[in-house]
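In full-length UniProt numbering, the protein residues as written are 1 to 459.
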C-alpha cells in the first residue's frame, strides 16, 4: 500500500512538472496595447501588456500623426505617418529603431489604413484626396477625390477588398479596391467613384468601426452631431441612427457586432446593445454615460474576446476596463451593461493620438530575430501618372538568400529565363529546333510567373 501511495505521488508530481513545462514553452497570446501620444518624445510609440499593464516595448521615431497607426500583415510591421511632414515611417515589430525606407507622400497625412490580408495596400488621406499604394512595390495605384473637406478616418474591411472613408464634410463612403486596380490599366479611365455612398452626418465624422464580418457585416460612424450611424455594408442602407446627448468622438464594436461603445466629448462612454435588433430607425440613447476620462474620449478599442475595453482620452490617460456581460433586453438600454476599471497603463505624455490592440505572442516583441514575410518597398515619387511610374518588385529566388529586382510591368523573358542547359543529343539538332525549345521554355516560365504573381494576387 505504501509503495502504491508513493507511486501515485510520483505520478502526480511528474504530471504537474509536465504541465508547468508545457505552459512555459507554450506561452499564451497576449493583448498588446499600442499607444501614441502628442508629447511622447523620441520614443513615439509605447506597447503595454493589457493583462498586467507593464510596458513591453517602445519604438523610436518622429512624432506620429493622429489616426494613422496601422499594423501590416499579422503584426510583423507597424506603420504611421509623421506629424506635420509628408513622410511615413515603419518599424519591424521586434526592433526599436525605424526601418531605413524612404516613404514619401504628396503631403501631410490626415488618416491612413492598410489592408490586413492578401496583397497589402496602403490608403493615405491628404486633405480631401485619397492615395492608394501597394506596399510590395511602392507603386501608386490611384488617386480619388470625392470628399470636399479633409478626410478624418479610414478603415479597411477584414477581407481587404473594400475600405470606408469619413471626413469633415460629414460624408461616409465605401470604396472598392478593385475599381482602382481596374482604372490603373485604362489610360482614359474616368476618376474612380465610391462603391457606395453610405450617408452624411451634419458635422465632422470622428471615427469609423467595422465588425469582423466585413462586407457582410456593418459599419459604424460617429460624429460631433451627437449621433452614431450603423450601416449595412451589403445593401448600403442605414440601419440605425443612435442619438446621444453630446458629441460622439470615438466608437468601437465587439467582433460579433452585438455591442457598441461610444466615447463622448465630455469624457463619458455609452454602451449600446444591438441585440435583440428592433426595427430600423432612430434610437435614443437615454442612459447616462459612464465617466471614464476628464476630457474627450479620443480612442476606443475592444479585445478580440470582447471582454475588455481600452480607452484613451485627451487627458493623456489610457485605461483598461472589464466589460460586464449584459442581459439582452432592450436596445440602447445600458442599465445591465457596464464596465469596471482594471488598470491604468499609460499617462503623462499628452493627449492620446492613436490606440490599437494587437493579439500576438510576447516573444514577437522581445526576440532579436524574426522572420518577416511581408515586404515594404519605397514609395513611387511619380504622383501625376500611376501608369508612367516604373515599378520594381522584390522577389525571392529559389535557393537564394538575397532579394532580386524584377520589372513586373515591362516583363521580358530575358529577365527571368535562366540559360537552358541542353543535353548532348539536343545540342546536335538544327537551329530551328533549338530556337523552338528556347521559345517553349520562355513561354512556360512566363505563364508560371503570371499565374503565381498576377492572377493569385488579383484574386
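We put the beta carbon where it would ideally sit given N, CA and C, even for glycine.
CB-CB under 8 Å to residue 243, same chain, minus the five flanking residues each way: which ones, in chain order?
226, 227, 282, 283, 284 and 285
Closest Cα partner of residue 339 within the set 44, 290 and 205:
290
What's the gap between the Cα of residue 206 and the Cα of residue 354?
13 Å
Express the C-alpha separation of residue 369 and residue 109 in angstroms, rounding to a whole number.
31 Å
For the beta strand (DSSP E) that residue 467 lies in, which residues bound it at each end?
Since the first residue of the chain shown is 1 and the last is 459, residue 467 is not available in this structure.
What number of angstroms, rounded off, separates the C-alpha of residue 396 from the C-alpha of residue 375?
With a pLDDT of only 46 at residue 396, under the threshold of 50, the placement of this residue in the model should not be trusted; the figure read from the coordinates follows. In a straight line, the C-alpha of residue 396 is about 11 Å away from that of residue 375.
Does the distance from the CB of residue 131 to the CB of residue 150 come in under 8 Å?
no
Tell me whether residue 295 counts as near the ligand COA, meaning its Cβ is closer than 7 Å to at least one heavy atom of that ligand.
This structure lacks the ligand COA, and indeed carries no ligand of any kind.
Around the C-beta of residue 84, are 16 or more other C-beta atoms found within 10 angstroms, so that it is buried, or is it exposed?
exposed
Measure how close the beta-carbons of residue 136 and residue 119 come, nearest whole angstrom, since I'm counting them as under 8 Å.
6 Å
For the alpha helix (DSSP H) that residue 179 lies in, which residues bound it at each end?
177-184
6 Å Cβ shell around residue 399 - same chain, five flanking residues per side excluded:
Legend: pLDDT at residue 399 = 42, less than 50; position of this residue unreliable, no value from coordinates given.
According to the neighbour-count rule (16 or more other Cβ atoms, all chains shown, within 10 Å of its Cβ), is residue 33 buried or exposed?
buried
Quick one, are the C-beta atoms of residue 365 and residue 76 less than 8 Å apart?
no
Beta strand (DSSP E) runs wholly inside the segment 245-270, at least 3 long, in chain order
248-253 and 259-264
I'd like to know if the segment 252-262 and the segment 291-304 are in contact, where contact means that at least 3 CB-CB pairs between them fall below 8 Å.
yes
Give me the DSSP bridge partner(s) of residue 142.
132
Continuous alpha helix (DSSP H) stretch holding residue 362: start and end
362-366
What separation, rounded to the nearest whole angstrom, lies between the Cα atoms of residue 95 and residue 263?
33 Å
Closest to residue 310 by C-alpha separation, out of 219, 50, 362 and 145, would be which residue?
50
Quick check: what's the CA-CA separation for residue 61 versus residue 43?
6 Å
Tell me, which residues are paired with residue 166 by DSSP?
153 and 172
Roughly how many angstroms lie between the CA atoms of residue 236 and residue 287, to the nearest whole one?
29 Å
Tell me whether residue 114 sits in a helix, a strand or coil according to DSSP, three-state version.
strand
Cutoff 6 Å; reference residue 378; Cβ partners in own chain excluding five residues on either side:
101, 102 and 138
Using 10 angstroms around the beta-carbon of residue 280, count the other beta-carbons present and answer buried if the total reaches 16, otherwise exposed.
exposed
Can you name, in chain order, every residue of its own chain whose Cβ lies under 8 Å from the Cβ of residue 73, other than the five neighbours on each side?
116, 120, 373 and 374
Can you tell me whether DSSP reads residue 242 as helix, strand or coil?
strand
Does DSSP put residue 355 in a helix, in a strand, or in coil?
strand
Inter-residue Cα distance where the pair is residue 261 and residue 270
6 Å
If you count every other CB in all the chains shown that lies within 10 Å of the CB of residue 177, and 16 or more means buried, which is it?
buried
CB residue 356 to CB residue 29, shorter than 8 Å?
no
Using 8 Å as the threshold, is the C-beta distance between residue 276 and residue 38 below it?
no
Do residue 166 and residue 221 come within 8 Å of each other at the CB atom, strictly closer than that value?
yes
Residue 358 to residue 345 span [Cα, whole Å]
15 Å
For residue 482, does the three-state DSSP call read helix, strand or coil?
Shown here, the chain extends from 1 to 459; a query on residue 482 therefore has no answer.
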